[in-house]
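Q:
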DNA sequence: CAATAATTGTTAATAAGATAACAACAAAAG
DNA sequence: CTTTTGTTGTTATCTTATTAACAATTATTG
Ligand SMILES: NC(=O)c1ccc[n+]([C@@H]2O[C@H](COP(=O)([O-])OP(=O)(O)OC[C@H]3O[C@@H](n4cnc5c(N)ncnc54)[C@H](O)[C@@H]3O)[C@@H](O)[C@H]2O)c1
Ligand SMILES: NC(=O)c1ccc[n+]([C@@H]2O[C@H](COP(=O)([O-])OP(=O)(O)OC[C@H]3O[C@@H](n4cnc5c(N)ncnc54)[C@H](O)[C@@H]3O)[C@@H](O)[C@H]2O)c1
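Chains as they are written, first to last, in this note's numbering: chain A, -19 to 185; chain B, -19 to 185.
(1) Closest by CA to residue 42 of chain A, which one among A/-5, A/86, A/19?
(2) Buried or exposed for residue 171 of chain B, going by 16 or more other Cβ atoms inside 10 Å?
(3) Using a C-beta to C-beta distance shorter than 8 Å, which residues of chain B count as neighbours of residue 177 of chain A?
(4) Taking residue 89 of chain A as the reference, give the member of A/95, A/104, A/30 with the closest Cα.
(5) Over the uninterrupted beta strand (DSSP E) stretch that includes residue 90 of chain A, give me the two end residues.
(6) Under 8 Å between C-beta atoms, does residue 171 of chain A make it to chain B?
(7) Tell me the start and end of each unbroken alpha helix (DSSP H) in the stretch 6 to 59 of chain A that is at least 4 residues and wholly inside, in chain order.
(8) Chain B partners of residue 124 of chain A, CB-CB under 7 Å?
(9) Does any C-beta atom of chain A lie closer than 8 Å to the C-beta of residue 11 of chain B?
(10) Within 10 Å of its beta-carbon, does residue 184 of chain A have 16 or more other beta-carbons around it, so buried, or fewer, so exposed?
(11) Go to residue 66 of chain B, then tell me how far its beta strand (DSSP E) extends in each direction, as first and last residue.
(12) Pick from A/55, A/107, A/110, A/47: whose alpha carbon is nearest that of residue 1 of chain A?
(13) Assign residue 106 of chain B to one of three DSSP states: helix, strand, or coil.
(14) By a C-beta neighbour count over all protein chains shown, 10 Å radius and 16 as the cutoff for buried, is residue 23 of chain A buried or exposed?
(15) For the stretch 95 to 104 of chain B and the stretch 25 to 34 of chain B, state whether three or more C-beta atom pairs, one from each stretch, are separated by less than 8 Å.
(16) Going by C-alpha to C-alpha distance, which of B/159, B/3, B/179, B/157 sits closest to residue 166 of chain A?
(17) Please list the partners that residue 19 of chain B has in chain A, where partner means a Cβ-to-Cβ separation under 8 Å.
(18) Between the Cα of residue 163 of chain B and the Cα atoms of B/60, B/146, B/83, B/157, which residue gives the shortest distance?
(19) Residue 120 of chain B lies in the alpha helix (DSSP H); which residues open and close that run?
(20) Can you check whether the C-beta of residue 52 of chain A is within less than 8 Å of a C-beta belonging to chain B?
(21) Which same chain residues, not among the five before or five after residue 151 of chain B, have their C-beta less than 6 Å away from its C-beta?
(22) Compute the beta-carbon to beta-carbon distance between residue 129 of chain A and residue 67 of chain A, rounded to the nearest angstrom, for a pair I have assumed lies under 8 Å.
(23) Is any heavy atom of ligand 2 found at a distance shorter than 7 Å from the C-beta of residue 177 of chain A?
(24) Determine the DSSP secondary structure at residue 162 of chain A, reduced to helix, strand or coil.
(25) Suppose you measure from the CA of residue 194 of chain B to the CA of residue 73 of chain B; what does that come to, to the nearest Å?
(26) Would a C-beta distance cut-off of 8 Å place residue 62 of chain B and residue 142 of chain B closer than the cut-off?
(27) Counting only beta-carbon separations shorter than 8 Å, does residue 29 of chain B have a partner in chain A?
(28) Report the neighbours of residue 63 of chain B on chain A: residues whose CB is nearer than 8 Å to its CB, in chain order.
(29) What number of angstroms, rounded off, separates the C-alpha of residue 11 of chain B from the C-alpha of residue 20 of chain B?
(30) Return helix, strand or coil for residue 111 of chain A, following the three-state DSSP convention.
(31) Taking CB distances under 8 Å as the criterion, tell me whether residue 140 of chain B reaches chain A.
(32) Between residue 170 of chain A and ligand 1, is there a pair consisting of the residue's CB and a ligand heavy atom that are separated by less than 7 Å?
(33) Please report the residue range of the beta strand (DSSP E) in which residue 143 of chain A lies.
(34) Pull up the CB-CB distance for residue 77 of chain A and residue 77 of chain B, whole angstroms please, since I reckon it's below 8 Å.
(35) May I ask which residues mark the beginning and end of the beta strand (DSSP E) holding residue 127 of chain B?
(36) Taking only beta-carbon atoms, is residue -3 of chain A less than 8 Å away from chain B?
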């Protein structure tokens, strides 16, 4: 089954929001309710759900629990994947706090840094280790995804290190665009782009 | 002139990278060099540049300085826009550090929080103020864009506050999706989506 | 029980975005 | 001076993404 990239992004958002709604005790949800949550159209929601092969109930909507589980089957692996974070500065800490315990199948199991004051402690329940240990720990902790939040001028060497250690995917939040080998999946984000987009769109008026 | 949304995003990225290259002393650049930086195709670059009406020189490429200036005319206003950040936690601090002095036409001029220990100080050169002052300061500091980094359960009231104060655009990094009036431009980002996208794409192999 | 309203699932149509193709031409090489 | 090479600018094509349209069907209303 091939799924469009944008559908994957929305599935992730659906799940995050459905989990919250489920926790409030709601059992079924209509496409237009999901749509309203994410400022998209109900058709879009129904189409995505169609693509993953799920069927709702006419006039009752979608079973929230079932939908969440199915999204899990699509995004997650059975055993789950382990994640590490490179660079425990403000940004890295924000990510750890935010992520902690949120996704059972996607665990941040270690943070790597070079600052001796940070190493050896736990942060948000996650051990902070020295970068020298990376190679060994990626294997022993079975880490397949790395998040890069080191300073600009350390991003390249950090990425190379991860690649050499056999990482499968990287999320790069450092502002240095990376050029990775094809077999490593890369996702980059820079908030300056977000903010400048808003700046552009608020120019008029 | 109408520009596609994706082109705006890329223009922002072009500029960020061109500024770095300019600082290194390079004066001209080819489309394929820009393309390589951002993992896109040279055609894409040329097309974007065409859309903004800039002309390079055949076989010399684009004048980096001119290109940067033109992108500035498109994204920025002449006087610049002022930005505030709501919630100075780890995430807010990371943004302030990162942004500080980086974009002359897009200044973060205040951070708002409710924690008395934070208020009254400077962080990364930016004054930390109490949320109660928001309404007055948005006017006196001429703030038109707000960045939300308050906790999940405070995001809605914070957004409403900004809207009531006449904000023109919001970047929402809190994990709570917002429903804003049409005249306020909204940009949202959640890193869980980025990470889960990587998780999905690294499932196979 | 008939009529109406609401909702899904799916195909068809449209729109947005990316890539390919190539003419034009300037610089470099021969 | 002629040919080759490299690069831009632009149109045409292809691909991906979104929206519209509507049949099917179930619940609700009268
Ligand atoms: N993409 C975005 O939107 C965005 C936003 C904010 C910051 N950033 C970028 O993220 C990065 C981190 O920002 P921050 O505010 O957390 O910075 P920071 O300085 O607070 O943290 C960086 C951390 O990395 C550690 N470090 C340095 N070299 C290292 C190495 N070789 N290996 C491992 N760890 C190393 C440092 O000890 C420090 O703890 C910067 O590049 C910044 O520009 C990006
Ligand atoms: N979108 C993402 O990718 C992403 C990533 C990390 C964190 N987050 C979210 O960002 C938010 C902030 O994360 P953090 O790690 O910085 O949290 P934090 O707890 O460190 O910081 C929150 C700050 O907001 C302040 N605050 C609380 N209520 C406020 C109010 N009403 N007005 C103004 N300030 C107020 C607090 O005093 C604190 O300083 C959270 O909602 C978190 O879930 C999102």
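For glycine and all other residues, C-beta sits at the position ideal for the given N, C-alpha and C. Nothing here was measured: the structure is a model prediction, and the numbers come from that model.
A: The structure says:
(1) Check the Cα spacing between residue 42 of chain A and each of A/-5, A/86, A/19: the tightest is with A/-5.
(2) buried
(3) Result: -15, -12, -11, -8, 167.
(4) Selected option, being the one with the closest Cα: A/104.
(5) Residue 90 of chain A -> beta strand (DSSP E) spans 86 to 93.
(6) yes
(7) 11 to 18, 22 to 31, 44 to 55
(8) 182
(9) no
(10) exposed
(11) 61 to 66 is the span of the beta strand (DSSP E), which, as asked, contains residue 66 of chain B.
(12) A/47
(13) Three-state DSSP puts residue 106 of chain B in a strand.
(14) exposed
(15) Not touching, per the Cβ criterion.
(16) B/179
(17) 157, 159, 166
(18) B/146
(19) Element bounds for residue 120 of chain B: 114 to 120.
(20) no
(21) If we look at residue 151 of chain B and ignore the five residues flanking it on each side, its Cβ neighbours are 127, 167.
(22) 4 Å
(23) For residue 177 of chain A, the shortest C-beta to heavy atom distance toward ligand 2 is 7 Å or greater.
(24) coil
(25) Within the shown structure, residues of chain B are numbered from -19 to 185, placing residue 194 of chain B beyond reach of any answer.
(26) no
(27) At a cut-off of 8 Å between beta carbons, residue 29 of chain B makes no contact with chain A.
(28) 175
(29) 10 Å
(30) helix
(31) no
(32) yes
(33) No beta strand (DSSP E) holds residue 143 of chain A; the alpha helix (DSSP H) holding it covers 135 to 144.
(34) Actually they are not in contact, since the Cβ atoms of residue 77 of chain A and residue 77 of chain B sit about 17 Å apart, beyond 8 Å.
(35) 123 to 128
(36) yes
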